[in-house]
Structures are given as structure tokens and as C-alpha cells.
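Since the structure comes first, as C-alpha cells, the remarks are kept for the end.
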Amino acid sequence: MSALVELVGVSKQFDQVAALAPVDFAAEGHKTTVLIGPSGCGKSTLLRLIIRLLVPDTGTIKFDGAPVNAENILQLRRRIGYVIQDGGLFPHLTARNNVLLMARHLGKDEKMMRDRLEEICALTRFPLDALSRYPLELSGGQRQRVSLMRALLLSPELLLLDEPLGALDPLVRASLQKDLKEIFARLQQTAILVTHDLAEAAYLADEIVLMNEGLIVQRGSIVDLREKPANNFVSEFINAQRSLALA
Ligand code: ADP
Ligand code: MG
């Protein structure tokens with residue numbers, strides 16, 4: 003197995019805040035890596051560094067073995083799909099036009115795009131007749147499916163998802179979790195997904211990466227975290243979520 007994305011000694015500071023202390027991180031190809039941790043621990047910062055919306059203060063980031071830099075990032079971004087924290091749909095564009103935006107920008111063939119759109123609607127179980135609706139005319143779950151379709155349209159090698167199910171009610175969330183898991187398996191997708199929900203992490207992850215205060219505290223399976231916590235924070239984080247579930 004080899005890492006599709008690899009960070010070595012990567013850090014990022016904003017004014018007085020060390021958003022990310024120097025961290026080492028790798029995401030294996032064809033696996034789902036889940037970043038989890040309390041709000042403000044640096045999860046979104048880590049994703050933004052990977053796609054170079056932020057430039058690291060120290061360290062190197064490699065994609066598919068090659069260091070990411072200002073020269074190659076535009077090419078690399080075409081190989082990465084990114085679902086940002088609030089979905090990031092343009093309100094004045096229909097679902098169809100949101101999904102096709104990047105493909106059109108890149109001048110892709112219209113027939114190819116139409117075929118691919120149908121395929122991706124089937125994959126994400128989004129109704130074809132809702133493609134002409136605007137984001138406000140869709141349910142929360144449907145909006146998330148549109149964000150996902152947009153990110154998947156050009157068959158990215160890497161999919162980054164920042165709390166894609168964060169704002170959904172529990173039933174819709176559960177059904178989307180199931181769909182996401184099936185889609186990742188079907189596509190053999192390499193994915194890095196951010197969540198703050200441990201049950202979601204346990205359900206979706208091949209590997210869980212637990213963060214706190216800009217550091218990676220522990221990585222492994224849910225069983226590793228539960229049975230062999232690296233420190234008190236890990237036990238407290240797991241117990242807090244367990245008591246939430248029972249409350
Ligand atoms: P998470 O996604 O885990 O909730 P973030 O990565 O968004 O956390 O943020 C990590 C820390 O960096 C937080 O303290 C946040 O306030 C800070 N931060 C993130 N982005 C910026 C920014 N653009 N300017 C200043 N501080 C930021
Ligand atoms: Mg975040």
C-alpha cells in the first residue's frame with residue numbers, strides 16, 4: 003500500500019494561533035481516512051493545506067509522490083474533489099449548473115457531461131428531475147448530494163470532504179452515511195473526511211486520525227482508540243461521545 007497524500011512536518015500559524023503544529027500525516031490510496039477532533043483543532047486547516055488553499059509555514063506535502071507547489075497545484079487540483087464545510091453551492095445556479103461548473107470551465111464535451119451527470123445522479127441517488135432546481139429548493143440531504151456530485155463529477159483520485167453531513171437531521175444523516183460508504187467502496191475512492199462525530203468516524207473510516215489543538219494525537223481503528231488510548235485526551239474524547247449517545 004502506498005500513500006496518495008503525505009505530509010511531513012507540516013505546520014500553519016495564524017497570527018497568535020498555531021492552527022496546526024508540525025504534523026506528519028498520510029492517507030492511503032483507496033481508503034477512507036477520517037479526521038476527527040474538537041472544534042478548532044485544525045481539521046479544516048489540514049484539508050485546506052492539502053489542496054493549497056493555505057500554504058504551509060513548514061514542511062512538505064506530497065501528492066502521488068510529488069511535492070505540491072505553486073507551479074503544479076492547478077494541475078493537481080483537477081485530480082482532487084473538495085466538498086467544503088457548508089457545501090459551497092452557488093445559490094443562483096441550478097443543481098445541474100452547480101455540478102457542471104468546473105467541467106464547463108475546463109471545456110469538457112457537452113455530451114460527455116450529460117452522460118456523466120446521469121451516471122453520477124444514479125450513483126448518489128439524486129433524482130434527475132431535481133437537477134433544474136436551485137439549492138434553496140432542495141432538502142438539506144439533496145443539497146449535500148449535489149455538493150458530492152460536483153466533487154465527484156471529474157472522477158477525482160482524491161476526495162476531500164469537510165463535515166459533509168454536519169448540518170443534517172439524524173435520519174437523513176444516517177442514510178447519507180450509508181450511501182457515502184457504498185459510493186466509496188464502489189469507486190474504490192481515496193477519501194479524507196472530516197467529522198466531529200465518533201460514530202460516523204467509526205462507521206466510515208478505514209483509519210481514524212484523532213486531532214487536538216493542532217496535533218495528531220492518535221491514529222488507528224476505533225478499537226485501537228478505545229482499547230489502547232494514547233493519552234487521557236483520547237479516553238476523554240471517546241467517553242464524552244459515548245455519554246452523549248446515551249444521554
Ligand atoms: P476545525 O476545522 O478543526 O474546527 P480549523 O482548522 O478551522 O479547525 O481551525 C483551527 C484553528 O485555526 C482555530 O483556532 C481557528 O480559529 C484558526 N483559524 C482557522 N482559519 C483561520 C484564519 N483564516 N485566520 C485566523 N485563524 C484561523
Ligand atoms: Mg472545520
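Each residue of the sequence shown is one higher than the one before, counting from 3 in our numbering.
Backbone N, C-alpha and C define an ideal beta-carbon position, used for all residues, glycine too.
Asked: Starting from residue 220, trace the beta strand (DSSP E) in both directions and tell me its first and last residue.; Found: 217-222
Asked: Using CA coordinates, which residue listed in 127, 101 and 115 is at the minimum distance from residue 136?; Found: 101
Asked: I'd like the ranges of any alpha helix (DSSP H) spanning at least 4 consecutive residues and lying wholly in the stretch 76-159.; Found: 97-107, 112-126 and 142-154
Asked: Our contact map puts residue 210 next to residue 222 with C-beta atoms below 8 Å; I'd like the distance itself, whole angstroms only.; Found: 7 Å
Asked: Expressed to the nearest angstrom, what Euclidean distance is found between the alpha-carbon atoms of residue 157 and residue 81?; Found: 8 Å
Asked: Check each residue's C-beta against every heavy atom of ligand 3 and list, in chain order, those closer than 5 Å.; Found: Of the ligands this structure carries, namely ligand 1 and ligand 2, none is ligand 3.
Asked: Identify every residue that forms a DSSP beta bridge with residue 63.; Found: 9
Asked: Between residue 197 and residue 165, is the Cβ-Cβ spacing less than 8 Å?; Found: yes
Asked: Please classify residue 92: is it buried, with 16 or more other beta-carbons within 10 angstroms of its beta-carbon, or exposed?; Found: exposed
Asked: How would you write the range of the alpha helix (DSSP H) that residue 202 sits in, first residue to last?; Found: 200-206
Asked: Could you pull out every unbroken beta strand (DSSP E) segment of at least 3 residues lying fully inside the stretch 174-203, listed in chain order?; Found: 192-197
Asked: Looking at the structure shown, is residue 72 part of a helix, part of a strand, or coil, going by DSSP?; Found: coil
Asked: According to the neighbour-count rule (16 or more other Cβ atoms, all chains shown, within 10 Å of its Cβ), is residue 27 buried or exposed?; Found: buried
Asked: Counting C-beta neighbours from all protein chains within 10 Å, is the total for residue 25 16 or more, i.e. buried, or is it exposed?; Found: buried
Asked: Please return the same chain residues whose Cβ sits closer than 8 Å to the Cβ of residue 218, not counting the five positions on each side in sequence.; Found: 25, 26, 27, 211 and 212
Asked: Taking 8 Å as the cut-off, does the stretch 97-113 touch the stretch 161-181 (at least 3 CB pairs, one atom from each stretch)?; Found: no
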